Amino acid sequence: MRHYSVGMPSSSVGPERLLALGAALEALRAVAREGAEEVLGHVPEVGDRLTQNALDGFLDQLADTLRALDTESTELAGRLRIAASSLPATPARETATDDASAPPRKGLFR
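Below is the structure:
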């Protein structure tokens, strides 16, 4: 298991990347919050008491997990906004290519 320390990002990470990641986390937060509400709003009745108890327990754990994801993504998005505000803007030339010989990267960390 890897451990990631919380601190300032390396100087090679521009604020634009941090803000983009924060925006993605905000979208995740919204989906997790809606999912938790939806899970608890649609509890089926199965008839058998033991099966019902197991299902109810599972759905409660799922809703708790989604709420925790909501909370953590909100907190991390806030930290990323703070970190982005403390970094200087990255010149367009540097963000376009870090190394001419490196293959192009996809996603948030282009």
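If you're matching positions, the sequence shown starts at 1 in the UniProt record's numbering and goes up one per residue. We treat Cβ as the ideally placed atom computed from N, Cα and C, and that holds for glycine. In this text, all values refer to a predicted model and were calculated from it rather than measured experimentally.
Quiz item: Do you know offhand how far R79's Cα is from A23's?
Solution: 12 Å
Quiz item: Which term fits T95, buried or exposed, when burial requires 16 or more other beta carbons within 10 angstroms of its beta carbon?
Solution: Reliability fails at T95, whose pLDDT of 48 lies under 50, so the model's placement of it is uncertain and no value is given.
Quiz item: Does the stretch 70–89 come within contact of the stretch 19–37, defined as at least 3 CB pairs closer than 8 Å?
Solution: yes
Quiz item: Between which two residues does the alpha helix (DSSP H) containing A20 stretch?
Solution: 15–41
Exercise. Kindly give me the distance between the Cβ atoms of A36 and D70, rounded to whole angstroms, as I take these residues to be in contact under 8 Å.
Key: 7 Å
Exercise. Determine the closest residue to G57 out of V43, G47, R67, L87, with distance taken between C-alpha atoms.
Key: V43
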